[in-house]
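In our numbering, the protein residues as written are 1382 to 2146. Even for Gly, the Cβ is constructed at its ideal location relative to N, Cα and C.
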């Protein structure tokens, strides 16, 4: 057994002991609140779901590229690395020569590695740029609506997280935390660049000890860990609640007009809507109560408490992952602006506390090393959650953020390091969309659902089979990530794959710049160090130590500079101020996104007509036992399963009505699809709500049928594939209406983590 080595994941630094080429044991380092997700690492390098050889879908190898409904149901043929490189280079050249680089979609949305160099998206985008570019995506599934609306309201969305009010400032100054969408600690284990510090749990304990209070609006009681005042509204009605609170502030003279006049624009336009002066409907607590199910008197009392002390209004990311998702963060900013505490220590607005381990952490005073991706000559893009629309509707025009865009005609999808069958809504529609293109290429260490729907599968190394280093913009440590073991079977790192492809396509020197992967690590570190205004050790010394502590900016309060001097620190909005009313958005004339925050009745909610057929709101939130769908076959994730299915929590009353008990396998369904799940009865879940996390690997009962039931419990067979609005087209996969019934008979076996059938072909090389 080799000596233990230290490395980094998205959910924490760890020390690993390796035996027989696999991770045998792990222990957390650098954190007082380690994540249970570390348990998924044991046995992950040689897991049965690993892609062990380059492979090509049998039908593609026999018949050549073209649309087909066999993706996801076909056998695969193992081929040599040389042959795979030849096939892939020839297909890329064919598509470029025949259709142009715009016909390549470089998707690659995913969190495959925390590494700064072996970062799948960076590698594939650098390669595609070297061969002429690709159609790309903007924003993320997590923040599709926020990424568009917040720059128009406060001039940024990135700084809402990277320069958010620090936890220590909240501990010392905040009286009342009002959390829309809760503040789930399970999510604060994770950061996209890796993380070594998990301060949220301790911060909340110290906040409560000082006398701070938490009010949580969420259908799930455990969206706040520990003591809080819990309101369980009808899902999707948070904007109505915020409007009611704002109405009390406006009608009782509790709002800060000086702040609104000095730092905001358009409040008067919004107030006409709020007070019902144009539509005759005041957005009062009495108006909100039948919409949201929260007593009007409670809302009145809460509004008065918010105005009486230092209050931080927080909005989780989940609230903007629904239809009209732009409205929740916009209304959250508006409510905080009316209180007049934006820019004051412990007051104002926060977005994403409890959504990821980034808000509340001190940002670095320097940038981090990163792999240059080059320039993409292709300017065509889509919102990231519009993949199926793009593939199914080439040539159609659509609205987006004030622009009129056209979906390109994609012939080749190139994906590295991600699993859209976790992220994307309405999997049956996604499968039909992927069937339309000529070729799907996937790099992955594992036979994920996306890999099984590919034509050309490239076996990638895991982050534990290669040297790298990583860190986050809100974490104090840059961490060395030495390879823990040799690559398994025929797996190669993506850099080696792309270097060989680039060489075959005549751009080898442009891609590699004459460097090996190890030389790139040294080069990135050295060029980064040369631009710093403080001393760091040599690369060799950093690698020997295993980590490097970097300076951070402590004591931050969001928008403190703007409050101190609104002229010198103007926001990057047309007015330079907070835009409660946006003339630009108003001018777009979108029927689903007005010029100020507004209540829109969602299509998937308990008060709508659709609920007569599907009377339960399914919350498809992030899992507590894995990151997205990563390492779903790991021990921590598998221990949560019920009869091998993803657990689905439901209220005891809803279970009793359906004759269900803990451990039952149920069919969860609507008119879009169905899946099996395992029942967990939990009174912490609101009545008429079920919670089924995303990330269970999609496993259709009949792989040849796009509409087949998922036997493993992936909720995205049920979600609607529509964007948040014409403004952002963000993901709407957080809520969907369903019905639940007990599954009768023997449940089908779960085969999600089994490789596809591999067969030999006489002419395969």
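Residues bridged to residue i (per DSSP)
i: residue 1516; result: 1486
i: residue 1759; result: Its beta-bridge partners do not exist; DSSP assigns none.
i: residue 2081; result: 2091
i: residue 1708; result: Paired residues: none, contrary to the question.
i: residue 2028; result: 2059
i: residue 1398; result: 1406
i: residue 1431; result: 1827
Through-space distance from residue j to residue i, alpha-carbon basis
i: residue 1780; j: residue 2037; result: 46 Å
i: residue 1970; j: residue 1963; result: 12 Å
i: residue 1423; j: residue 2014; result: 10 Å
i: residue 2146; j: residue 1433; result: 16 Å
i: residue 1466; j: residue 1512; result: 15 Å
i: residue 1587; j: residue 1665; result: 35 Å
i: residue 1738; j: residue 1598; result: 20 Å
i: residue 2049; j: residue 2081; result: 14 Å
i: residue 1813; j: residue 1773; result: 8 Å
i: residue 2112; j: residue 1771; result: 14 Å
i: residue 1867; j: residue 1528; result: 40 Å
i: residue 1547; j: residue 1935; result: 7 Å
i: residue 1706; j: residue 1673; result: 16 Å
i: residue 2029; j: residue 1749; result: 40 Å
i: residue 1886; j: residue 1393; result: 39 Å
i: residue 1979; j: residue 1620; result: 7 Å
i: residue 1418; j: residue 2033; result: 28 Å
i: residue 2151; j: residue 2078; result: Outside the modelled stretch of the chain, which goes from 1382 to 2146, sits residue 2151, for which no answer is possible.
i: residue 1557; j: residue 1625; result: 18 Å
i: residue 1830; j: residue 1799; result: 10 Å
i: residue 1842; j: residue 1585; result: 38 Å
i: residue 1630; j: residue 1959; result: 18 Å
i: residue 1633; j: residue 1553; result: 29 Å
i: residue 2025; j: residue 1729; result: 44 Å
i: residue 1408; j: residue 1395; result: 5 Å
i: residue 2042; j: residue 1668; result: 37 Å
i: residue 1845; j: residue 1435; result: 20 Å
Cut-off 6 Å between Cβ atoms - residues of its own chain near residue i, not counting five sequence neighbours on either side
i: residue 2170; result: Limits of the chain in this structure are 1382 at one end and 2146 at the other, which puts residue 2170 out of reach.
i: residue 1610; result: 1596
i: residue 1736; result: 1568, 1697, 1698
i: residue 1398; result: 1385, 1405, 1406
i: residue 1985; result: 2116, 2117, 2118
i: residue 1695; result: 1560, 1731, 1734
i: residue 1927; result: 1387, 1861
i: residue 1451; result: 1440
i: residue 1637; result: 1721
i: residue 2224; result: Nothing can be reported for residue 2224, as the shown portion of the chain is limited to 1382 through 2146.
i: residue 1709; result: 1619, 1620, 1696, 1700, 1701
i: residue 1847; result: 1499, 1864, 1874
i: residue 1901; result: 1498
Own chain residues within Cβ distance below 7 Å of residue i, not counting five before or after
i: residue 1421; result: 2007, 2012, 2015, 2016, 2017, 2018
i: residue 2087; result: 1809, 1812, 1813
i: residue 2039; result: 2121, 2122, 2123
i: residue 2129; result: 2082, 2092
i: residue 1782; result: 1529, 2108, 2109
i: residue 1876; result: 1499, 1504, 1898
i: residue 1817; result: 1448, 1772, 1773
Sequence-distant residues of its chain with Cβ nearer than 8 Å to residue i (five each side left out)
i: residue 1678; result: 1666
i: residue 1475; result: 1446
i: residue 1655; result: 1624, 1627, 1628, 1631, 1663, 1664
i: residue 1754; result: 1503, 1506, 1507, 1510
Would the segment 1851-1867 and the segment 1574-1581 be scored as touching if the rule is three or more Cβ pairs under 8 Å? yes
For the 8 Å Cβ check, are there 3 or more pairs between the segment 1805-1816 and the segment 2091-2110? The segment 1805-1816 vs the segment 2091-2110: in contact.
Going residue by residue through the segment 1832-1910, where are the continuous alpha helix (DSSP H) segments of at least 4 residues, counting only ones entirely within it? 1875-1885, 1889-1893
Are at least three pairs of beta-carbons, each pair with one atom in the segment 2127-2145 and one in the segment 1452-1470, less than 8 Å apart? yes
Run through the segment 1440-1466 for me and flag every whole beta strand (DSSP E) of 3 or more residues, listed as ranges in chain order. 1457-1459
Taking contact to mean at least 3 C-beta pairs separated by less than 8 Å, is the segment 1559-1569 in contact with the segment 1604-1619? With the cut-off at 8 Å, the segment 1559-1569 and the segment 1604-1619 touch.
Evaluate the contact criterion for the segment 1984-2003 versus the segment 2058-2075: three or more CB pairs, one atom per stretch, below 8 Å. yes
Pair every Cβ in the segment 1633-1649 with every Cβ in the segment 1715-1723, then say whether three or more of these pairs are closer than 8 Å. With the cut-off at 8 Å, the segment 1633-1649 and the segment 1715-1723 touch.
Ordered list of beta strand (DSSP E) runs contained in the segment 1726-1758, each at least 3 residues: DSSP runs (the beta strand (DSSP E)) wholly in the segment 1726-1758: 1729-1732.
Within the segment 1917-1942, ranges of the alpha helix (DSSP H) (whole runs, at least 4 residues): 1920-1926
Of all the alpha helix (DSSP H) runs that stay within the bounds of the segment 1780-1826, which reach a length of 4 or more residues? 1801-1804, 1808-1815
Would you say the segment 1508-1527 touches the segment 1753-1761, given that touching needs at least three Cβ pairs under 8 Å? yes
For a minimum of 4 consecutive residues, which ranges assigned as the alpha helix (DSSP H) are wholly contained in the segment 1632-1669? 1638-1644, 1648-1655
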